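Asks:
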Amino acid sequence: MSTAEDFTQLPRAAWDEAVLTKVNEAVVFMDDACAESLHWCGGAARLFEAGARDVKRFSSFEAGGEKEPKAVFVVSTLLRGRAVDVIRDIVSLSRFRCCVVLTAVAHPVHLLAAGGASAESERRVVFEQFEEKLREWMGGSDGAAEVAYAPVVFAPVSRQQLLLAPAYAHLFPLLARDLEAINARRPEKRRLAGLADVDAHALPAQLQLDVKALAAALNSLLEASGAREESFAVGPMSRVIAGELAAHPQAKSRRKTAHNKASLIFVDRTMDLTGAVGHHGDNLVEKILTVLEPLPGHVTDVQVDMLELTSVQRTPHSQSPVAPGCLAQTQSPAAQSLWETMLTSKHKEGVMEVQRALVETASKEKLPIKMSMGRVTPEQLSSYVRLFRGCGGALESHGGLLQLGLATAQTLGHPGLPRWDACLAFERLLLQALGDTTFLGVLRQLLPLMKPRGGEDASGSRSREDGCGPDELILLLVYLYSLADEAQPPHGGGGGGEEEQLEMLERELIGALTLVVTREAELSPLLQKLTGHLPALPAPAPGGGVPPRQTRVPRHRAHVRGPHRPAEDRLQHVHEGESSASRRQPSGAPLPGGRSHTFRAPPHQGHRLHAQTGDSGAGSVHQVTAAHRCPRAALPPTREDATPRRHLGHVRRKHLTTPRRVRSRGLVNENHCWGGRGERSCISFHTFFIQEKIFIFVEGT
1 MSTAEDFTQL PRAAWDEAVL TKVNEAVVFM DDACAESLHW CGGAARLFEA GARDVKRFSS
61 FEAGGEKEPK AVFVVSTLLR GRAVDVIRDI VSLSRFRCCV VLTAVAHPVH LLAAGGASAE
121 SERRVVFEQF EEKLREWMGG SDGAAEVAYA PVVFAPVSRQ QLLLAPAYAH LFPLLARDLE
181 AINARRPEKR RLAGLADVDA HALPAQLQLD VKALAAALNS LLEASGAREE SFAVGPMSRV
241 IAGELAAHPQ AKSRRKTAHN KASLIFVDRT MDLTGAVGHH GDNLVEKILT VLEPLPGHVT
301 DVQVDMLELT SVQRTPHSQS PVAPGCLAQT QSPAAQSLWE TMLTSKHKEG VMEVQRALVE
361 TASKEKLPIK MSMGRVTPEQ LSSYVRLFRG CGGALESHGG LLQLGLATAQ TLGHPGLPRW
421 DACLAFERLL LQALGDTTFL GVLRQLLPLM KPRGGEDASG SRSREDGCGP DELILLLVYL
481 YSLADEAQPP HGGGGGGEEE QLEMLERELI GALTLVVTRE AELSPLLQKL TGHLPALPAP
541 APGGGVPPRQ TRVPRHRAHV RGPHRPAEDR LQHVHEGESS ASRRQPSGAP LPGGRSHTFR
601 APPHQGHRLH AQTGDSGAGS VHQVTAAHRC PRAALPPTRE DATPRRHLGH VRRKHLTTPR
661 RVRSRGLVNE NHCWGGRGER SCISFHTFFI QEKIFIFVEG T
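When we follow the UniProt record's numbering, the leftmost residue of the sequence shown carries the number 1, and every step to the right adds one.
#1: Tell me which residues share the same chain as His-398 and place their Cβ nearer than 6 Å to its Cβ, disregarding the 5 neighbours each side in the sequence.
#2: So within the stretch 248 to 314, which uninterrupted alpha helix (DSSP H) runs reach at least 4 residues, ignoring any that extend past its ends?
#3: Once the 5 residues before and after residue 746 are set aside, which same chain residues still bring their CB inside 7 Å of it?
#4: Pull up the DSSP beta-bridge partners for Met-30, would you.
#5: Pick out whichever of Arg-57, Thr-270 and Gln-355 has its Cα sitting closest to the Cα of Asp-31.
#6: Can you tell me the Cα-Cα spacing of Glu-128 and Lys-70, whole angstroms?
#7: Which residues in the same chain have their Cβ closer than 7 Å to the Cβ of Glu-578, if we skip the five residues on either side of it in sequence?
#8: Taking Cys-99 as part of the beta strand (DSSP E), name the residues at either end of that continuous run.
#9: If Ala-200 and Gln-208 are in contact, beta carbons under 8 Å, what's the gap, nearest whole angstrom?
#10: Considering just the uninterrupted stretch of the beta strand (DSSP E) at Tyr-168, what are its terminal residues?
#11: Decide yes or no for the touch test of the stretch 79 to 90 against the stretch 43 to 53: beta carbon pairs closer than 8 Å, at least 3 of them.
#12: Please report the straight-line C-alpha distance between His-110 and Gln-9, rounded to a whole angstrom.
#13: Check whether the Cβ atoms of Val-385 and Glu-308 lie closer than 8 Å to each other.
#14: Determine, using beta-carbon pairs with one atom in the stretch 33 to 43 and one in the stretch 171 to 178, whether at least three such pairs fall under 8 Å.
#15: Please work out which residues of its chain come closer than 6 Å, Cβ to Cβ, to Asn-24, disregarding the five sequence neighbours upstream and downstream, and give them in chain order.
#16: Between the Cα of Ala-155 and the Cα atoms of Leu-343, Thr-290, Ala-14 and Gly-441, which residue gives the shortest distance?
#17: For Phe-7, count neighbouring Cβ atoms within 10 angstroms of its own Cβ and tell me buried if that reaches 16, exposed if not.
#18: Which residue comes first and which comes last in the alpha helix (DSSP H) that contains Ala-242?
#19: From what residue to what residue does the alpha helix (DSSP H) around Glu-147 run?
#20: Identify which residue in Val-267, Asp-210 and Ala-262 has its Cα closest to the Cα of Ser-238.
#21: Report the option in Ile-241, Thr-270 and Ala-224 whose CA atom is closest to the CA atom of Thr-257.
#22: Give the single residue among Gly-350, Lys-451 and Cys-468 whose Cα lies nearest to the Cα of Thr-411.
#23: Among residues of its own chain, excluding the 5 on either side of Met-138, which ones have a beta-carbon nearer than 8 Å to its beta-carbon?
#24: Report the CB separation of Phe-29 from Phe-61 in whole angstroms; it is logged as a contact under 8 Å.
#25: Quick one: using the 10 Å Cβ neighbour count with 16 as the cut-off for buried, is residue 722 buried or exposed?
#26: Please classify Glu-500 as buried or exposed, where buried requires at least 16 neighbouring CB atoms within 10 angstroms.
#27: Which word fits Gly-374, buried or exposed, when buried means at least 16 other C-beta atoms lie within 10 angstroms of its C-beta?
#28: Give me the Cα-Cα distance between Leu-527 and Val-157, rounded to the nearest whole angstrom.
#29: Could you give the DSSP three-state label for Pro-538: helix, strand or coil?
#30: Where does Asp-6 sit, in a helix, a strand or coil, going by DSSP?
#31: What first and last residue would you give for the alpha helix (DSSP H) that runs through Gln-432?
#32: What did DSSP end up calling Phe-388 once you bin it into helix, strand or coil?
#33: Taking 6 Å as the limit between beta carbons, can you name the residues of its chain near Gly-545, skipping five residues before and five after?
#34: If I follow the unbroken alpha helix (DSSP H) through Val-84, where does it start and stop?
In structure tokens, the structure reads:
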């Protein structure tokens with residue numbers, strides 16, 4: 001395995017070896033994270049081709065049929081708590097004689113979670129104990145039970161550039177408030193001075209298990225490729241994960257026999273918030289993931305309205321009866337090639353490629369296509385797609401290509417897309433103003449924008465329906481505060497007067513933003529998470545169906561959308577024995593008062609770069625400590641059940657040869673995040689392949 005394309009095929013191989021060999025004549029129960037991985041590895045069709053009878057959701061409300069004696073459970077979590085309860089409920093309600101449980105968490109992590117004396121034990125103690133429980137739940141000792149490790153957490157979104165891991169969505173880079181929570185848990189021990197002093201043993205127990213599980217999954221990926229890694233880390237959380245991978249017991253033996261080399265660069269995505277909240281990405285896939293609704297149960301894909309390919313009429317007050325399409329087209333080589341082009345090309349080039357593919361396909365099917373010169377419009381793309389309506393054979397052969405064409409047309413015609421260009425223009429103006437005036441002066445320029453939509457502008461002659469809504473205003477504030485230290489220093493060196501003026505202006509901005517929020521007819525998901533507002537039923541659109549929300553935040557605005565809680569608090573919703581319903585209960589806490597409403601960023605630290613190389617025999621870990629050129633902004637805490645959305649930006653291929661390039665803003669700005677909404681949060685880390693380098697971006701909600 002020497003190329004990036006070979007490396008991205010490893011998740012498919014993991015499904016072949018660990019899962020598909022077990023599912024013959026079985027009913028398969030799978031949780032959301034593993035289902036999403038399978039979604040990008042060929043879909044449920046691969047399970048049925050391997051002999052599976054049925055595929056069901058991993059839920060206590062599911063069970064096997066009368067003539068289904070075998071069950072296979074594929075889960076992404078530890079075998080404890082809710083996972084055990086669901087398996088017990090399903091087995092107890094069925095008549096299985098054979099049960100196979102495949103978990104994406106390695107046995108050493110299970111042993112550590114169970115309080116084992118040694119995480120390096122070769123015995124499968126925990127798995128053997130769970131096999132006994134399975135036999136007991138099946139009603140006797142004559143039942144066959146098997147528990148095994150299956151590293152099926154990675155989703156190959158791109159054949160050459162990108163792997164995702166939805167199962168580790170909850171991991172989030174450490175922040176300053178996490179240090180307070182960590183120190184509060186160790187009263188008898190020495191208090192940690194900073195996040196740089198935090199190691200894996202200082203983290204809460206559940207977070208330690210999550211980090212070790214992620215390290216084990218990465219080790220399995222490297223073991224399958226026969227690679228010996230050299231790890232680099234930017235940020236405290238990345239340093240902890242890289243250290244765990246270097247100290248992994250199985251990794252030590254793997255490095256002795258590995259015949260390939262790999263460079264892993266772990267990056268805390270919070271090191272540069274301008275890349276996460278900015279609208280500077282000129283990529284078609286980026287905009288598709290921003291405006292289209294997420295695919296139910298997924299965080300890395302969207303649903304495409306397929307009604308135009310049918311004769312079904314759209315009815316008001318109801319959703320479409322036609323199953324939605326998606327972006328993951330793993331069965332069609334032509335659709336895969338188009339997806340790769342859309343993923344890596346600029347917006348205009350991607351749209352032209354979609355048009356070219358639709359025209360060529362229609363010509364091959366001898367459909368009466370009418371070409372038109374000029375700019376590609378959504379109506380034009382939709383007309384090309386409608387040519388295939390009623391052609392059963394053509395629909396079956398080119399279904400993947402048509403789904404990508406419809407996704408492009410629906411994105412170009414979305415009413416919220418013009419606000420993207422407006423936000424981009426504002427960001428460029430703010431960036432230019434930062435170099436000419438003080439931060440106070442630039443912040444004052446945002447005040448005229450803090451007006452409710454639907455009103456009149458300063459001239460009293462134009463409606464602001466197409467202006468920035470509260471979601472976009474919050475993004476602009478985060479963008480501006482992330483660049484606070486780029487502004488000109490205040491005259492006279494600042495002082496109490498400057499600070500007082502800044503505080504007064506911030507209070508005025510808070511009041512204006514609050515007024516904007518209260519004037520909204522319908523709050524977006526972001527505002528509902530910030531305010532605790534329960535969503536209302538959407539009003540029917542004039543043309544029928546469910547209308548798009550008035551305010552949509554690009555899905556990659558991960559660190560604005562998602563709630564951040566201290567490291568200890570973030571674990572409260574995964575305690576053993578807690579029901580899933582109780583975990584989704586809102587906190588009920590309103591926005592905190594006082595200064596915690598401000599979006600002021602912490603002061604900059606000086607730039608520094610420190611590399612520390614560990615023992616080569618145990619794997620080299622270069623700890624790269626780089627100060628934030630763009631510090632994150634402090635946002636108010638949000639509801640615990642909030643779920644952010646993200647997207648994948650334009651993946652540009654750059655040659656990065658030295659660790660020093662890791663700390664440049666260009667690396668993070670040009671490789672955005674990917675994601676969506678769903679019951680689970682978004683991707684916890686992202687793997688990019690750039691000239692034989694593997695870049696892993698640590699993220700979370």
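Every residue gets a Cβ at the ideal spot worked out from N, C-alpha and C, and that includes glycine.
Because the structure is a prediction, the values reported are computed rather than measured.
Replies: On the basis of the supplied data:
#1: Along the sequence shown, read from residue 1 onward, the residue named residue 398 stands at position 398. Answer for His-398: Thr-361, listed in chain order.
#2: 249 to 257, 273 to 277 and 284 to 291
#3: The structure shown does not extend to residue 746, since the chain is modelled only from 1 through 701, so no value can be given for it.
#4: To locate residue 30, count along the sequence shown from 1; it is residue 30. Arg-57 and Val-74.
#5: Walking along the sequence shown from the start, residue 31 turns up at place 31. It is Arg-57 whose Cα lies nearest to the Cα of Asp-31.
#6: By one-based count along the sequence shown, residue 128 stands at place 128. By one-based count along the sequence shown, residue 70 stands at place 70. Looking at the two C-alpha atoms, the distance is approximately 19 Å.
#7: Position 578 of the sequence shown, counting from 1, holds the residue named residue 578. In this predicted model, Glu-578 has a pLDDT of only 40, less than 50, meaning its place in the structure is not dependable enough to derive any value.
#8: Here residue 99 corresponds to residue number 99 of the sequence shown, with the count starting at 1. Its beta strand (DSSP E) spans residues 98 to 103.
#9: On the sequence shown, residue 200 is found 200 positions in, with the first residue counted as 1. On the sequence shown, residue 208 is found 208 positions in, with the first residue counted as 1. Right, their Cβ atoms sit about 6 Å apart.
#10: Start at 1 with the first residue of the sequence shown, and residue 168 comes out as number 168. Run containing Tyr-168: none; DSSP gives neither H nor E here.
#11: no
#12: Start at 1 with the first residue of the sequence shown, and residue 110 comes out as number 110. Start at 1 with the first residue of the sequence shown, and residue 9 comes out as number 9. Roughly 27 Å separates the two Cα atoms.
#13: Within the sequence shown, numbered from 1, the residue matching residue 385 stands at position 385. Within the sequence shown, numbered from 1, the residue matching residue 308 stands at position 308. Yes, Cβ-Cβ distance for Val-385 and Glu-308 is below 8 Å.
#14: no
#15: Position 24 of the sequence shown holds residue 24. Excluding positions up to five away in sequence, the list reads Gly-51.
#16: The sequence position of residue 155 within the sequence shown is 155, counting from 1. Nearest option by C-alpha distance: Ala-14.
#17: Residue 7 sits at position 7 when you count from the first residue of the sequence shown. Its Cβ being crowded by 16 or more others within 10 Å, Phe-7 is buried.
#18: For the purposes of this step, residue 242 is identified with residue 242 of the sequence shown, where counting begins at 1. 236 to 246 is the span of the alpha helix (DSSP H), which, as asked, contains Ala-242.
#19: Translated into positions along the sequence shown, residue 147 becomes position 147. First, the residue type needs correcting, since residue 147 is Val and not Glu in the sequence shown. Careful: Val-147 lies outside any alpha helix (DSSP H), inside the beta strand (DSSP E) at 144 to 149.
#20: Here residue 238 corresponds to residue number 238 of the sequence shown, with the count starting at 1. Nearest of Val-267, Asp-210 and Ala-262 to Ser-238, Cα basis: Val-267.
#21: For the purposes of this step, residue 257 is taken as the residue at position 257 of the sequence shown. The candidate whose alpha carbon is nearest that of Thr-257 is Ala-224.
#22: In the sequence shown, the residue the question calls residue 411 occupies position 411. The option with the nearest alpha carbon to Thr-411 is Gly-350.
#23: Locating residue 138 in the sequence shown gives position 138, counting from the first residue. Excluding positions up to five away in sequence, the list reads Val-91, Phe-96, Arg-97, Cys-99 and Ala-145.
#24: Here residue 29 is taken as the residue at index 29 of the sequence shown, counted from 1. Here residue 61 is taken as the residue at index 61 of the sequence shown, counted from 1. About 11 Å; that fails the 8 Å criterion.
#25: Lying outside 1 to 701, the shown extent of the chain, residue 722 is not represented and no answer is given.
#26: As a working mapping, residue 500 is identified with position 500 in the sequence shown. Under this definition Glu-500 is an exposed residue.
#27: Along the sequence shown, read from residue 1 onward, the residue named residue 374 stands at position 374. Gly-374 comes out exposed.
#28: Taking the sequence shown and counting its residues from 1, one reaches residue 527 at position 527. Taking the sequence shown and counting its residues from 1, one reaches residue 157 at position 157. The straight-line gap from Cα to Cα measures roughly 30 Å.
#29: Start at 1 with the first residue of the sequence shown, and residue 538 comes out as number 538. Any reading at Pro-538 must be qualified, since the residue scores a pLDDT of 44, below 50, and its modelled position is unreliable; no value is offered.
#30: Within the sequence shown, numbered from 1, the residue matching residue 6 stands at position 6. Of the three classes helix, strand and coil, the one that applies to Asp-6 here is helix, per DSSP.
#31: Reading the sequence shown from its first residue, position 432 is the one you call residue 432. Its alpha helix (DSSP H) spans residues 418 to 434.
#32: By 1-based counting over the sequence shown, the position of residue 388 is 388. Looking at Phe-388 - three-state DSSP - the assignment turns out to be coil, as it is neither helix nor strand.
#33: Here residue 545 refers to the residue found at position 545 when the sequence shown is read from its first residue. Here the model assigns Gly-545 a pLDDT of 41, short of 50, so the residue's position is not dependable and the matter cannot be decided.
#34: Here residue 84 refers to the residue found at position 84 of the sequence shown. 82 to 92 is the span of the alpha helix (DSSP H), which, as asked, contains Val-84.
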